[in-house]
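Here's the structure we're looking at; comments come further down.
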Amino acid sequence: MTATTLSRDAILDWLRAFATLIDENQDYLTQLDSAIGDADHGVNMHRGMQAVIGKLPGLADKDIGTILKTTGMTLVSTVGGASGPLYGTLFLQMGATTANKLELTLPDWTTALEAGINGVITRGKAEPGDKTMIDAFGPALSALKAANDNGTALSEALRQSAQAAEKGRDATTPLVARKGRASYLGERSAGHQDPGATSAHLLLKAAADTVEKLA
Ligand code: ADP
Ligand code: MG
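Numbering-wise (the working numbering), the sequence shown opens with residue 35 and increments by one.
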């Protein structure tokens with residue numbers, strides 16, 4: 035039987051999987067940020083996700099909304115820079131749409147991610163093509179919506195959204211940054227992959243990997 039929903043335990047597994055991917059890619063993310071930023075994206079995300087990991091034991095019996103809201107608040111309070119408030123908002127908004135839920139269907143997950151991404155857009159004002167995390171999140175959300183329309187199974191839908199995020203991440207390389215620190219470089223920001231789009235792909239890959247393991 036393949037899983038048709040994300041249980042609370044799956045959500046906790048997803049957060050752990052994301053923390054692990056951030057840990058494994060910390061130096062890579064920081065390296066990317068050293069080219070067009072201030073060399074702290076890996077350190078920032080690692081600090082934040084380690085703080086989240088520390089909170090998980092106390093969240094094991096809570097609803098998904100509480101788990102995600104606590105994750106968001108933890109990121110806001112522990113991660114400096116642009117990415118802390120932006121990832122914090124993503125999780126806070128995901129938590130708001132999943133209040134009291136103990137499992138998420140594919141439509142629930144899609145609704146939650148859409149609310150989260152809209153929160154990031156409201157807060158950061160980035161548009162597609164500005165060379166930010168939105169360039170990975172946007173295509174991932176479109177892929178999820180298409181999967182909903184096509185009746186695609188949960189695990190395949192999450193894989194497709196991760197693949198769309200990966201493509202979106204790769205497509206940031208030639209772009210000139212129009213938001214965040216990288217925008218200070220103007221044309222010189224072109225030719226470098228965006229760090230935030232890179233971590234955003236890891237978030238969606240963690241979800242796909244987690245559900246694949248549930249099968
Ligand atoms: P900082 O830029 O403050 O040092 P980080 O290095 O942790 O913060 O994160 C940088 C990433 O944040 C960028 O690669 C980009 O993807 C993302 N980012 C920056 N500004 C915005 C914004 N306004 N909207 C969306 N994402 C943004
Ligand atoms: Mg930085």
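Glycine included, C-beta positions come from ideal geometry on N, C-alpha and C.
Checklist entry - Quick one: what does DSSP say Glu161 is sitting in, helix, strand or coil? => result coil
Item to check | Cα-Cα separation between Thr108 and Ala181, rounded to whole angstroms | outcome: Whole-angstrom Cα-Cα distance: 31 Å.
Checklist entry - If you pair each beta-carbon of the region 72-87 with each one of the region 227-241, do three or more pairs fall below 8 Å? => result yes
Checklist entry - Looking at the structure shown, is Leu175 part of a helix, part of a strand, or coil, going by DSSP? => result helix
Item to check | Per-residue burial, Gly88 [other beta carbons within 10 Å of its own, 16 or more giving buried] | outcome: exposed
Item to check | Secondary structure, alpha helix (DSSP H): runs of 4+ residues fully inside the region 75-113 | outcome: 75-89 and 98-112
Next on the checklist: ligand 3 and His75: does any heavy atom of the ligand fall closer than 7 Å to the residue's C-beta?
Outcome noted: The ligand content of the structure shown is limited to ligand 1 and ligand 2, which means ligand 3 is not among them.
Item to check | Span separating the alpha-carbon of Glu221 from that of Gly118 | outcome: 26 Å
Item to check | Burial state of Asp43, where buried means 16 or more other Cβ atoms lie within 10 Å | outcome: exposed
Next on the checklist: For Gly172, count the other beta carbons within 10 Å of its own beta carbon; 16 or more makes it buried, fewer makes it exposed. Which is it?
Outcome noted: buried
Item to check | Neighbourhood of Ala116 by C-beta distance below 8 Å, restricted to the same chain and skipping five residues each side | outcome: For Ala116, the CB contacts under 8 Å within the same chain, skipping 5 residues up- and downstream, are Gly158, Gly214, Arg215 and Gly230 in chain order.
Checklist entry - At a cut-off of 7 Å, is Gly115 close to ligand 2 when judged by its beta-carbon and the heavy atoms of the ligand? => result Result yes, Cβ under 7 Å from ligand 2.
Item to check | Anticipated Cβ contact below 8 Å, Ala261 with Gly99, distance rounded | outcome: What the structure shows of the chain is the stretch from 35 to 249, and residue 261 is not part of that stretch, so it cannot be assessed.
Checklist entry - If you follow the alpha helix (DSSP H) that Thr38 is part of, which residue opens it and which one closes it? => result Neither: Thr38 is in no alpha helix (DSSP H) and is coded neither H nor E.
Next on the checklist: Counting C-beta neighbours from all protein chains within 10 Å, is the total for Glu161 16 or more, i.e. buried, or is it exposed?
Outcome noted: exposed
Checklist entry - Shortest alpha-carbon distance to Glu137 belongs to which of Thr104, Leu237 and Thr38? => result The residue with the shortest Cα to Cα distance from Glu137 is Thr38.
Next on the checklist: In the DSSP assignment, the alpha helix (DSSP H) including Ser117 goes from what residue to what residue?
Outcome noted: It spans Ser117 to Thr131 - the alpha helix (DSSP H) in which Ser117 sits, taken as one unbroken run.
Checklist entry - Should Ala85 and Asp243 be called a contact, given that it needs their Cβ atoms to be closer than 8 Å? => result No, they are not a contact pair.
Item to check | Cα-Cα separation between Leu192 and Ser223, rounded to whole angstroms | outcome: 31 Å
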